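Undergrad:
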Amino acid sequence: MPQEFYKEFKKLMEKYLDKIDYSVESFKNAIEYFNSMRTGEARTELAKSMNAEKEADELRRKMIYLLEEADISPELKEDFFHLIKRIEVIADYVK
């Protein structure tokens, strides 16, 4: 069970980080477009950012569910929960 958990958690974490990265990058692009008075493109980038953030939230929920169901030590679960929380804080701070 733990081996399956680690594989699945790693896969979800990689997807989650990709979505967070894409969301932040799209947000940065939107700001640059707004600064250049290119509002249409800025809105498109903001929509991409918001969509990626929604997808990241769904992946986060899946990771949390996986952690809740996993047969691993409580200390390790807590570490993973803190990791997820810190990544979310960093992404929010960057935006």
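Counted the way the working numbering counts, the sequence shown spans residues 2 to 96. The beta carbon of each residue, even a glycine, is placed where N, CA and C say it ideally should be. Keep in mind the model is a prediction, meaning the values are calculated, not measured.
(1) How long is the line joining the alpha carbons of F81 and K55, rounded to whole angstroms?
(2) Helix, strand or coil: which one does DSSP assign to A43?
(3) For the alpha helix (DSSP H) that D72 lies in, which residues bound it at each end?
(4) From the DSSP output, in three-state form, read off S27 for me.
(5) Hey, how far is the Cα of G100 from the Cα of A53?
(6) Helix or strand or just coil, what does DSSP make of M38?
(7) Out of I21, D22, Y23, E46, which one is the CA nearest neighbour of E33?
TA: In brief:
(1) 21 Å
(2) helix
(3) D72 -> no alpha helix (DSSP H), and no H or E assigned at all.
(4) helix
(5) Outside the displayed span of the chain (2 to 96) sits residue 100, for which this structure offers no information.
(6) coil
(7) E46
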